[in-house]
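First up is the structure itself, then whatever we jot down about it.
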Amino acid sequence: MHVKMTFHGQFSRSFIAFIEDKAAQLSISVTVTLNAAQATVEAQGCSALIGALEMAACIAPDDCRVDSWELD
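Heads up: the sequence shown begins at 201 in this note's numbering, then just goes up one per residue.
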């Protein structure tokens, strides 16, 4: 399964490392792009594990904030 998730809020580069680490733990392939107000995560893998990654992304590192997100 391939999913594109777009997160809105406040982001720093720590979000990329956070998502890549969680994805590796879940055996999911990811590509992360971000700017200060939006992060896009494209994930490939098992749908249940992508859902777990989505929830982890909502928690985010301390220096980031997720206000909302959408799935494409």
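We put the beta carbon where it would ideally sit given N, CA and C, even for glycine.
- Message: Are the CB atoms of L226 and A252 within a distance shorter than 8 Å?
- Response: The count along the sequence shown starts at 1 and reaches residue 252 at position 52. The count along the sequence shown starts at 1 and reaches residue 226 at position 26. Closer than 8 Å, so yes.
- Query: How many Å lie between A217 and A257 at the Cα?
  - Reply: As a working note, residue 217 is residue 17 in the sequence shown. As a working note, residue 257 is residue 57 in the sequence shown. Each residue's alpha carbon lies about 11 Å from the other.
- Item | Cutoff 8 Å; reference S229; Cβ partners in own chain excluding five residues on either side | Translated into the one-based positions of the sequence shown, residue 229 becomes position 29. Taken in chain order, the residues that qualify are A223, A243, Q244, G245.
- Item | Limits of the unbroken alpha helix (DSSP H) element including A217 | Numbered from 1 along the sequence shown, position 17 holds the residue referred to as residue 217. Here the alpha helix (DSSP H) through A217 covers 214 to 226.
- Item | Secondary structure of M201, DSSP reduced to three states | Residue 201 sits at position 1 when you count from the first residue of the sequence shown. In this structure, M201 counts as coil in the three-state DSSP scheme.
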